[in-house]
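Numbering (our numbering), first residue to last: 11 to 148.
For every residue, glycine included, the Cβ atom is placed at its ideal position computed from N, Cα and C.
Please read all numbers here as calculations on a predicted model, not as lab measurements.
Okay, structure coming up:
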């Protein structure tokens, strides 16, 4: 990916301009902004953006939801691996699909805000001054 310098001193491609606009909106007290990548990738978007705490929380939340009230975790894992069980397990049925769609929408709506908070924390800690750390927005 070609890197270019911006007036703000950040390096990166088109994503820098996208996030600068989103962050400007957030600074104007517009917390809800839309992020298609966060919507489509869910917890993996947090991992890509090096937001490890949010990644783990979201992974646990999804794991808990899909295992909740579905016999036991062991049977779910066995079903996923193709090991035969006598218990019927239905993924993405009824409330599961509704929950998943709402979850993905929340990721899309608040992903930029959470990322903004992480970026501000990293700047306050001086990450932008570490040689070789690269772009904070990457």
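Asked                                                                                                                                 : Found
Collapsed DSSP secondary structure at residue 108 in the structure displayed                                                          : helix
Own chain residues within Cβ distance below 8 Å of residue 54, not counting five before or after                                      : 65
Backbone secondary structure at residue 131 - three-state DSSP                                                                        : helix
Simplified DSSP assignment, three categories, for residue 42                                                                          : coil
Residue 60 (DSSP reduced to helix, strand or coil)                                                                                    : coil
Contacts around residue 32, its chain only, beta-carbon distance under 6 Å, and the 5 residues preceding and following it disregarded : 43, 122
Start and end residues, alpha helix (DSSP H) containing residue 28                                                                    : 24 to 37
Length of the line joining the Cα atoms of residue 36 and residue 127                                                                 : 10 Å
Sequence-distant residues of the same chain with beta carbon closer than 7 Å to residue 75, five excluded per side                    : 109
CA nearest to the CA of residue 111, picked from 41, 125, 137, 72                                                                     : 72
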